[in-house]
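Asker: Supplied in structure tokens, the structure appears directly below.
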Amino acid sequence: IDTAAAITRETVEGRHVLVMDVLRATSTIVTALNNGAKRIIPVETVEEAVALKRRCADSLLGGERGGVRPEGFDFGNSPLEYSKDAVQNKTIVLTTTNGTRALVGCQSAHAATIGCAGFLNGKAAVRRLTAKTGDLALVCAGTKDRFSLDDFLCAGMLLQQIMAEEEVQMADLGWNALLLYQAYGESLPAVLDNAKHYQVLKGLGFHEDLEYCLMKNQLEIAPVFDGNEIRID
Ligand code: MLT
Numbered sequence: 007i008d009t010a011a012a013i014t015r016e017t018v019e020g021r022h023v024l025v026m027d028v029l030r031a032t033s034t035i036v037t038a039l040n041n042g043a044k045r046i047i048p049v050e051t052v053e054e055a056v057a058l059k060r061r062c063a064d065s066l067l068g069g070e071r072g073g074v075r076p077e078g079f080d081f082g083n084s085p086l087e088y089s090k091d092a093v094q095n096k097t098i099v100l101t102t103t104n105g106t107r108a109l110v111g112c113q114s115a116h117a118a119t120i121g122c123a124g125f126l127n128g129k130a131a132v133r134r135l136t137a138k139t140g141d142l143a144l145v146c147a148g149t150k151d152r153f154s155l156d157d158f159l160c161a162g163m164l165l166q167q168i169m170a171e172e173e174v175q176m177a178d179l180g181w182n183a184l185l186l187y188q189a190y191g192e193s194l195p196a197v198l199d200n201a202k203h204y205q206v207l208k209g210l211g212f213h214e215d216l217e218y219c220l221m222k223n224q225l226e227i228a229p230v231f232d233g234n235e236i237r238i239d
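Counting from 7, one number per residue, gives the positions in the sequence shown under UniProt numbering.
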């Protein structure tokens, strides 16, 4: 599935889904949980996030609009902000332009399970998914309802891993992602330097985020969104 806008009951219902927003929502989610956050609650709007924080005593607010931290929020959407010291045992209410929207969209479209993936935890996320029987769907969150090359290349890496673990029948779009990753997976920064959202984040000065989010298989965690919250479990 190529963008959050393409998430429908037809594409997602009953399937085991991995959602990717490499730059940067799912990279932030896996980092915060790996650093000890208790749970992450993804919501669609800034208003919802603020209202939820008021009801949830030990929570912190994180996210972005236009790539930057909304006023009054504790964190932006830079994974590097979510250090052990900052997040240990905390609940994070997170709202981002595309990533959290994709997660909530998959829940509304009745996915069977919803995992969070990126380059950082690709292997672990796939291992959890392939332990299940049934149809799989990879959801590339995209950027503002547009195709995003970073998510598509990540889908290619996940597909390579899935195919190493089991036999699959794949749609043409999946083959496209896999072939692209096989061609360019070893030169991600150079290839993605042409991509829109990469350029936007670079322009905002998030160079370290870009480098970090493209690191492969650094985190051994496979967080799942149960419809209310995302946890490692
Ligand atoms: C999003 O969810 O739209 C992204 O994570 C935006 C960002 O890079 O902060």
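Built from N, CA and C at the ideal position, the CB exists for glycine as well.
None of the values given here were measured: they were computed from a predicted structure.
Would the C-beta of glutamate 70 count as close to ligand 1, meaning under 7 Å from any of its heavy atoms?
Answerer: The sequence position of residue 70 within the sequence shown is 64, counting from 1. Under cutoff, so the answer is yes.
Asker: Could you tell me the distance, in whole angstroms, from the CA atom of glycine 211 to the CA atom of asparagine 40?
Answerer: Within the sequence shown, residue 211 is the residue found at index 205, counting from 1. Within the sequence shown, residue 40 is the residue found at index 34, counting from 1. Taking the straight line from one Cα to the other gives about 25 Å.
Asker: Considering only the alpha carbon of each residue, which of Ile238, Cys219, Leu225 lies closest to asparagine 83?
Answerer: The sequence position of residue 83 within the sequence shown is 77, counting from 1. Comparing Cα positions, the closest option is Cys219.
Asker: If distances are taken between C-alpha atoms only, which option among Asp80, Arg237, Thr34 comes closest to glutamate 214?
Answerer: Counted from its first residue, the sequence shown places residue 214 at position 208. Just measuring C-alpha positions, the residue of Asp80, Arg237, Thr34 sitting nearest glutamate 214 is Thr34.
Asker: Who sits around ligand 1, taking every residue whose Cβ is closer than 6 Å to one of its heavy atoms?
Answerer: Asp27, Leu29, Arg30, Ala31, Glu70, Gly73, Asn83, Thr102, Thr103, Asn104, Gly105, Leu207
Asker: Check the DSSP bridge columns for phenylalanine 81 and list the partner residues they point to.
Answerer: By 1-based counting over the sequence shown, the position of residue 81 is 75. Gly68, per the DSSP bridge assignment.
Asker: So, do the stretch 176 to 195 and the stretch 96 to 103 have three or more beta carbon pairs nearer to each other than 8 Å?
Answerer: Between the stretch 176 to 195 and the stretch 96 to 103 there are fewer than three C-beta pairs closer than 8 Å, too few to call the two in contact.
Asker: In whole angstroms, what is the alpha-carbon distance linking aspartate 27 and leucine 100?
Answerer: What you label residue 27 is simply residue 21 of the sequence shown in a count that begins at 1. What you label residue 100 is simply residue 94 of the sequence shown in a count that begins at 1. When rounded, the distance between both Cα atoms is 13 Å.
Asker: On the CB-based measure, 16 or more other CB atoms within 10 Å of its CB, does lysine 138 come out buried or exposed?
Answerer: By 1-based counting over the sequence shown, the position of residue 138 is 132. With fewer than 16 Cβ atoms within 10 Å of its Cβ, lysine 138 is classed as exposed.
Asker: To the nearest angstrom, how far is the alpha carbon of glutamate 77 from that of glycine 68?
Answerer: The residue labelled residue 77 in the question sits at position 71 within the sequence shown. The residue labelled residue 68 in the question sits at position 62 within the sequence shown. In a straight line, the C-alpha of glutamate 77 is about 10 Å away from that of glycine 68.
Asker: Relative to the C-alpha of alanine 31, which candidate in Ala10, Val18, Thr17, Lys44 has its C-alpha closest?
Answerer: Translated into the one-based positions of the sequence shown, residue 31 becomes position 25. Comparing Cα-Cα distances from alanine 31 to each of Ala10, Val18, Thr17, Lys44, the minimum goes to Ala10.
Asker: Taking 8 Å as the threshold, find out whether the stretch 107 to 117 comes into contact with the stretch 10 to 19 through three or more Cβ pairs.
Answerer: yes
Asker: Roughly how many whole angstroms lie between the Cα atoms of asparagine 104 and leucine 186?
Answerer: If you number the sequence shown from 1, residue 104 lands on position 98. If you number the sequence shown from 1, residue 186 lands on position 180. Cα to Cα, the separation comes out at about 23 Å.
Asker: Starting from isoleucine 13 and walking both ways along the alpha helix (DSSP H), at which residues does that stretch end?
Answerer: Here residue 13 corresponds to residue number 7 of the sequence shown, with the count starting at 1. Counting along the chain, isoleucine 13 falls outside any alpha helix (DSSP H), and DSSP gives it neither H nor E.
Asker: Please give the ranges of any alpha helix (DSSP H) in the stretch 26 to 56, keeping only runs that are unbroken, at least 4 residues long and fully inside the region.
Answerer: 31 to 40
Asker: Terminal residues of the continuous alpha helix (DSSP H) containing valine 145?
Answerer: Within the sequence shown, numbered from 1, the residue matching residue 145 stands at position 139. Careful: valine 145 lies outside any alpha helix (DSSP H), inside the beta strand (DSSP E) at 142 to 146.
Asker: For the beta strand (DSSP E) containing cysteine 122, name the first residue and the last one.
Answerer: By 1-based counting over the sequence shown, the position of residue 122 is 116. In the DSSP assignment, cysteine 122 falls within the unbroken beta strand (DSSP E) covering 119 to 123.
Asker: Any idea what DSSP makes of threonine 102, helix, strand or coil?
Answerer: For the purposes of this step, residue 102 is taken as the residue at position 96 of the sequence shown. If DSSP states are grouped into helix, strand and coil, threonine 102 belongs with coil.
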